[in-house]
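For the sequence shown, the numbering used here begins at 45 and goes up steadily by one.
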Amino acid sequence: MALVNCGECNKEVSDKAASCPNCGAPIQGVSEKQSLWDSISQSSGPKEVVIRGTDVAYEGQKLGEGLMKMVMALFLHPVFSFVGFWLIGFGILMSMAPVFGLADKEMNALPVWYVALAIGIPIALAVLLRKTIPKLMKWIFFTLLAVLGIAFVGGIISAIIEKSTSS
């Protein structure tokens, strides 16, 4: 809680107060009803969006920080990395079904036994490799970050080349 000066009587008042307890003048500041984007556009300098919710656990976190923590937990947390490993394995096996000739590209008529294997094989590997999966998932996470970075730079270069050749 910070103290601000009242505009009328110049007494120190809590910044949470709606009006001055001494003279009754309204306290100037960003109102609760003002939208988040209005308050961001009024500030100068770097923009930092902060979650202001009712849950104390999330108070002060940047927008998207919770999502990033969940994604990182799927790769870096020793227990949750098993779930991330399973998701990666399941995704790879499901995307390989058209390659094996088991389904068309829309995954129509995919055999039930293949779906069961796509669910079961990553789980079995996660149990068998339970000591090496957390280390493996860290490498997969950092490799994916590097690949995303390279893809981002490649996309920018491709857009620049396309723009320069079309002009």
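For each residue, glycine too, the CB sits at the ideal point set by N, CA and C.
Asked                                                                                               : Found
Beta-carbon separation (whole angstroms), D59 vs A69, contact threshold 8 Å                         : Wrong, their Cβ atoms sit about 14 Å apart, outside the cutoff.
Which residues DSSP lists as bridging P166, in chain order                                          : According to DSSP, which records beta bridges pairwise, P166 is partnered with nothing at all.
Distance CB(L137)-CB(A162) smaller than 9 Å                                                         : yes
Residue of E52, V191 and F185 minimising C-alpha distance to V115                                   : F185
Delimiting residues of the beta strand (DSSP E) encompassing L47                                    : L47 to N49
Which of helix, strand or coil DSSP assigns to V57                                                  : strand
Of the residues V159, P142, L146 and M181, the one placed nearest F126, counting alpha carbons only : M181
Beta-carbon proximity list for A153, same chain, < 7 Å, skipping 5 on both sides                    : A147
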